[in-house]
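Please read the structure below before turning to the comments.
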Amino acid sequence: MNAASILKPSAVLMQSDFSVPAMRCAGCISKLERGLSQQPGIANARVNFTAKRVSISHLPELTVPQLVAAIAETGFEAQAITDQQGDPAVAEAHQLLKAMAVAGFAMMNIMLLSVSVWSGATGVTRDLFHWLSAMIALPTVIYAGQPFFRSAWSALRKRRTNMDVPISIGVSITTMLSLYETFNHGQHAYFDGVVMLLFFLLTGRWLDAVMRDRARDGVSALLKQTAAGAMVLRADGKTEWVDGSALVPGMEMIIAAGERLAADGIVTKGKSSFDLSLLTGESAAQSVNMGDVVHAGTLNIDAPVTVRVTASGPDTAIADIARLMEQAGQSKSVYVRIADRAARFYAPAVHTLALTSFAGWMIAGAGWHESLLIAVAVLIITCPCALGLAVPAAQIVVAGALMRAGILVKDGSALERLAEVDLAMFDKTGTLTRGRPEPVNLDQADATQKSVLLALARASRHPLSEAIRRALEAEGVVAADIDTVREVAGSGIYGSFNGINVSLGRPEVEISHEGMASQLQIGVQPPFAVHFADMMRPHAEETVAGLKEMGITSAILSGDRAVSVAPVARTLGLTAQTSMLPQDKLDAIARQKAAGFKVLMVGDGLNDGPALAAGYASMAPASASDAGQQAADVVFMGDSLAPVAIAIRAAQRTQRIVRQNFVMAIGYNAIAVPLAIGGYVTPLIAAAAMSGSSLIVVANALRLRSAAR
Amino acid sequence: MTGLVLLIPVALGLGLLGLAGFFWSVKNGQFDDADGAALRILIDDEDQP
Chain A
1 MNAASILKPS
11 AVLMQSDFSV
21 PAMRCAGCIS
31 KLERGLSQQP
41 GIANARVNFT
51 AKRVSISHLP
61 ELTVPQLVAA
71 IAETGFEAQA
81 ITDQQGDPAV
91 AEAHQLLKAM
101 AVAGFAMMNI
111 MLLSVSVWSG
121 ATGVTRDLFH
131 WLSAMIALPT
141 VIYAGQPFFR
151 SAWSALRKRR
161 TNMDVPISIG
171 VSITTMLSLY
181 ETFNHGQHAY
191 FDGVVMLLFF
201 LLTGRWLDAV
211 MRDRARDGVS
221 ALLKQTAAGA
231 MVLRADGKTE
241 WVDGSALVPG
251 MEMIIAAGER
261 LAADGIVTKG
271 KSSFDLSLLT
281 GESAAQSVNM
291 GDVVHAGTLN
301 IDAPVTVRVT
311 ASGPDTAIAD
321 IARLMEQAGQ
331 SKSVYVRIAD
341 RAARFYAPAV
351 HTLALTSFAG
361 WMIAGAGWHE
371 SLLIAVAVLI
381 ITCPCALGLA
391 VPAAQIVVAG
401 ALMRAGILVK
411 DGSALERLAE
421 VDLAMFDKTG
431 TLTRGRPEPV
441 NLDQADATQK
451 SVLLALARAS
461 RHPLSEAIRR
471 ALEAEGVVAA
481 DIDTVREVAG
491 SGIYGSFNGI
501 NVSLGRPEVE
511 ISHEGMASQL
521 QIGVQPPFAV
531 HFADMMRPHA
541 EETVAGLKEM
551 GITSAILSGD
561 RAVSVAPVAR
571 TLGLTAQTSM
581 LPQDKLDAIA
591 RQKAAGFKVL
601 MVGDGLNDGP
611 ALAAGYASMA
621 PASASDAGQQ
631 AADVVFMGDS
641 LAPVAIAIRA
651 AQRTQRIVRQ
661 NFVMAIGYNA
671 IAVPLAIGGY
681 VTPLIAAAAM
691 SGSSLIVVAN
701 ALRLRSAAR
Chain B
1001 MTGLVLLIPV
1011 ALGLGLLGLA
1021 GFFWSVKNGQ
1031 FDDADGAALR
1041 ILIDDEDQP
């Protein structure tokens, strides 16, 4: 790394992006940017606080793990994220923003001209202003109207209708009629109304897109964490690194302690224990001996083993889960957003009303020109302008409030579904509990024992050692000075403290205590046993009680054995199903679904992935596996379980506000509709009705700012 | 009426200028990190030696 410390100006720099979810304040920005740019090989670091990301330009020699370590040195945990260039969703949000800006510019200028027409300009002046308005409005409609025209066309081609169909028809007919009026020195041109309509609708669309973007920044761009490959023992006795995709059955993999398996296989040499929690949700490590079957994605904890590959790539158990997830997720795409459901009723009503007014005035003998003018006025008045804002405005406000509380909502439809759930299924390991062993009796150790413990635990990457280190470092314990520290795989850590032999390792006699334990030995003193337990997340009981208050029943679906699930189920007073495979969880959800329940699945592991995808709505903690985070609708940060209840409560409030918005938007238009049918509506009234109802809807949505409290 | 000949193009031109400015700033990432921009004001500049 030293060679890289002097940056040549001509050096070709690479750009890598990392997600740093823990940044919270201005101090974090400067700590990251300054800390990183002082490190060798890093030219520059730029934080994007909104997306909780840091973008580093560095020498190509630096690898991703090295950069993660460099970020860790500044005190933050980071994960590499894939390049998002050319992501269609990002491009869409940008396109909408541009269309909105154009519509906004056009609206302001046309309004400027329209004010003089409204206040009584006549003759040549009015014609001039109409012509100018037309010159601004025509390109605007063609440019800014595209998102609606395209969506309406694709809906019509499938012989369906959506919100965009009445919008497109209204916009194009009104524009053409206004042009005709301008040609013939007519009194009323609706260019202002058309452009205003586009502006408000685009604002709604853009808000919706922004919301999806934000959540995606936080969640789904994380790199896949499955092992990239394995050390393979060749026939001639040499070893070489083989990529995960190149592993084939029959190869012998050497799996070091702390390494994840890249393929399914059978243990041919060695004896160790494996952490299967990613696959099964089981919290306690399972011991494996020669001849045992082990699966890709599981973690070798104790000692190196040799594994003969039996299945790799798409044939592994992990790939099966991924396939299950994909199938389960397909049912979710059938969900119809509330705005589209409203449009199904609203769009035909609007069209019928406009058509009836046209026919009515024709029969009354008004002539086609006047009848058409009135029909267009009806279309403009009833066009779902405030309706287009009603849903996204409320949802973006609540998503912002939830985000400040550490809850990421993937998109608007997630909020809508979350508000309707009436049954909550919780996974145990990692969801109701923290999913990692934590020492429970360190307070019984004296100061010397603690400092020796910390010194020994620091020397190992065994999960139990790391748990001890975290707990003691949080307490502020200073490590003892220990010489000749060595780790013996599968046994423990040994060293000497002031000439006395000390060790931390597996207890010699099996201690009768549920869960895991390790033992500290200082010289000939009686050993001190450290017990570990998978602690329950804080606020779990309040959350379950809160859900009950909302009429949501809770239950546990766990892959763990009944013995470990029972204490949790008892504390929370929940029913539990245990030892479930991913397929079982999926079936359990399907059964409840068939019984008419709308199931909220809360889970974290890969084994929960299919269930998360199948649930009516789903939530996962930020500590969840990638698969879990991908499949979940909502991801929450931190150790507490309280966000589950907070998010549901906020979603229900949002739904109430959305309904109020619908009522207000439609009600407001309903007052103006008789005027329109009667032929009394002028462009001024149309503009006032539209902007007025939009403002009311937005103001109502802003009440949700405190929804996450 | 003659004032309009001057004023209307001026008004439109100013508006277009604003629109162009907005497009430019979107393209240059000025809106990519709104929350961060609000916080950066709090960071002290590096002390000059």
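So the protein sequences, as listed, match chains A and B.
Sequence positions in the first sequence follow my numbering and run 1 to 709.
Sequence positions in the second sequence follow my numbering and run 1001 to 1049.
Ideal placement from N, C-alpha and C gives every residue a C-beta, glycine not left out.
Proximity test, Cβ basis, 8 Å: residue i and chain A
| i | result |
| --- | --- |
| Pro1049 of chain B | With a pLDDT of 46 at Pro1049 of chain B, under the threshold of 50, the modelled position of that residue is not reliable, and the figure given next carries that caveat. With 8 Å as the cut-off, Pro1049 of chain B does not count as an interface residue toward chain A. |
| Gly1036 of chain B | yes |
| Leu1042 of chain B | yes |
| Gly1015 of chain B | yes |
| Leu1039 of chain B | yes |
is_contact[residue i, chain B] using C-beta, thresh 8 Å
| i | result |
| --- | --- |
| Val29 of chain A | According to the sequence provided, residue 29 of chain A is Ile. The question's Val does not apply to it. So, interface residue. |
| Phe149 of chain A | no |
| Leu132 of chain A | yes |
| Cys385 of chain A | no |
| Ala26 of chain A | yes |
| Leu202 of chain A | no |
| Leu207 of chain A | no |
| Leu112 of chain A | yes |
| Thr226 of chain A | Because Thr226 of chain A carries a pLDDT of 47, less than 50, the predicted location of this residue cannot be relied on, and the following value inherits that uncertainty. No, its Cβ sits nowhere closer than 8 Å to a Cβ of chain B. |
Classification of residue i by the beta-carbon crowding that lies within 10 angstroms, buried from 16 upward
| i | result |
| --- | --- |
| Ala106 of chain A | buried |
| Ile142 of chain A | exposed |
| Ser357 of chain A | buried |
| Leu1014 of chain B | exposed |
| Gly495 of chain A | buried |
| Pro621 of chain A | buried |
| Arg234 of chain A | exposed |
| Ala595 of chain A | exposed |
| His369 of chain A | exposed |
| Arg653 of chain A | buried |
| Ser272 of chain A | buried |
| Lys450 of chain A | buried |
| Cys385 of chain A | buried |
Residue i versus residue j: straight-line alpha-carbon distance, rounded
| i | j | result |
| --- | --- | --- |
| Phe497 of chain A | Gln444 of chain A | 21 Å |
| Leu59 of chain A | Met14 of chain A | 6 Å |
| Gln521 of chain A | Val488 of chain A | 15 Å |
| Ala689 of chain A | Glu33 of chain A | 50 Å |
| Gly1029 of chain B | Val171 of chain A | 32 Å |
| Val376 of chain A | Asn184 of chain A | 17 Å |
| Met403 of chain A | Ala642 of chain A | 14 Å |
| His539 of chain A | Leu113 of chain A | 59 Å |
| Val219 of chain A | Leu432 of chain A | Because Val219 of chain A sits at a pLDDT of 48, beneath the cut-off of 50, its placement in the model cannot be relied upon, and the following sentence gives the value as read from the coordinates. One C-alpha to the other measures close to 21 Å. |
| Thr298 of chain A | Asn607 of chain A | 12 Å |
| Ala455 of chain A | Ala645 of chain A | 41 Å |
| Gln286 of chain A | Ala708 of chain A | 41 Å |
| Val698 of chain A | Ala393 of chain A | 6 Å |
| Met325 of chain A | Leu586 of chain A | 9 Å |
| Pro582 of chain A | Gly559 of chain A | 8 Å |
| Ser19 of chain A | Thr50 of chain A | 11 Å |
| Val681 of chain A | Met176 of chain A | 18 Å |
Listed by chain order, chain A residues near residue i by CB distance under 9 Å
| i | result |
| --- | --- |
| Val1026 of chain B | His94, Leu97, Lys98 and Ala101 |
7 Å Cβ cut-off: residues of chain B touching residue i
| i | result |
| --- | --- |
| Gly669 of chain A | It should be noted that the sequence gives Asn, not Gly, for residue 669 of chain A. Those do not exist, as Asn669 of chain A stays about 30 Å from chain B at its closest Cβ, beyond 7 Å. |
7 Å Cβ cut-off: residues of chain A touching residue i
| i | result |
| --- | --- |
| Ile1012 of chain B | In the sequence on display, residue 1012 of chain B carries Leu and not Ile. Those within 7 Å of Leu1012 of chain B in chain A are Asn109. |
| Gly1003 of chain B | Here the premise fails: no neighbours, minimum Cβ distance about 12 Å. |
Option nearest residue i by Cα separation, candidates the options
| i | options | result |
| --- | --- | --- |
| Ala447 of chain A | A:Arg458, A:Pro437 and A:Val478 | A:Val478 |
| Ala424 of chain A | A:Lys548, A:Pro527 and A:Thr484 | A:Lys548 |
| Ser691 of chain A | A:Asp236, A:Thr175 and A:Leu389 | A:Leu389 |
| Leu36 of chain A | A:Pro21, A:Val12, A:Val68 and A:Cys25 | A:Val68 |
| Ile136 of chain A | A:Arg53, A:Val54, A:Val195 and A:His462 | A:Val195 |
| Trp131 of chain A | A:Ala189, A:Thr543, A:Ala555 and A:Ala144 | A:Ala189 |
| Ser640 of chain A | A:Arg24, A:Glu542, A:Arg469 and A:Asp292 | A:Glu542 |
| Leu1007 of chain B | A:Asn109, A:Leu62, A:Val20 and A:Thr571 | A:Asn109 |
| Arg53 of chain A | A:Thr63, A:Ala22 and A:Thr74 | A:Ala22 |
| Gln38 of chain A | A:Ser16, A:Val12, A:Ile71 and A:Asn48 | A:Ile71 |
Chain B contact residues for residue i, given Cβ-Cβ distances below 8 Å
| i | result |
| --- | --- |
| Asn48 of chain A | Asp1032, Asp1033 and Gly1036 |
| Ala480 of chain A | Result: empty, since nearest Cβ-Cβ is about 38 Å, beyond 8 Å. |
Cross-chain neighbours of residue i in chain A, by beta carbon under 8 Å
| i | result |
| --- | --- |
| Gly1018 of chain B | Phe105 |
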